[in-house]
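Numbers in our numbering are just positions in the sequence shown, counted from 1, shifted up by 165. Heads up, the beta-carbon is just placed ideally off N, CA and C, and yes, glycines get one too.
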Amino acid sequence: MPTIAIIDGLLILLYFNDHPPAHFFTRKALISMRDFALKTVKS
166 MPTIAIIDGL LILLYFNDHP PAHFFTRKAL ISMRDFALKT VKS
């Protein structure tokens, strides 16, 4: 699935051949820079 843009760590994604109407998906992950632990994931 291609990434259309990355804005403040938020990925804007678009699926090929997905159902109409045209739409997009977003995903965001927060990762600690201290220990690289995954804190939260939102989709």
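Query	Result
Using a Cβ-Cβ cut-off of 6 Å (strictly less than) and excluding sequence neighbours within five positions of residue 205, which residues of its own chain qualify?	195
What is the DSSP secondary structure of residue 179, reduced to helix, strand or coil?	coil
Can you find the residues in the same chain that come closer than 7 Å, C-beta to C-beta, to residue 197, ignoring five residues on each side of it along the sequence?	204
Of the choices 192, 187, 199, whose alpha-carbon is the least far from that of residue 174?	192
Which of the three DSSP states is assigned to residue 122 in this structure?	Outside the modelled stretch of the chain, which goes from 166 to 208, sits residue 122, for which no answer is possible.
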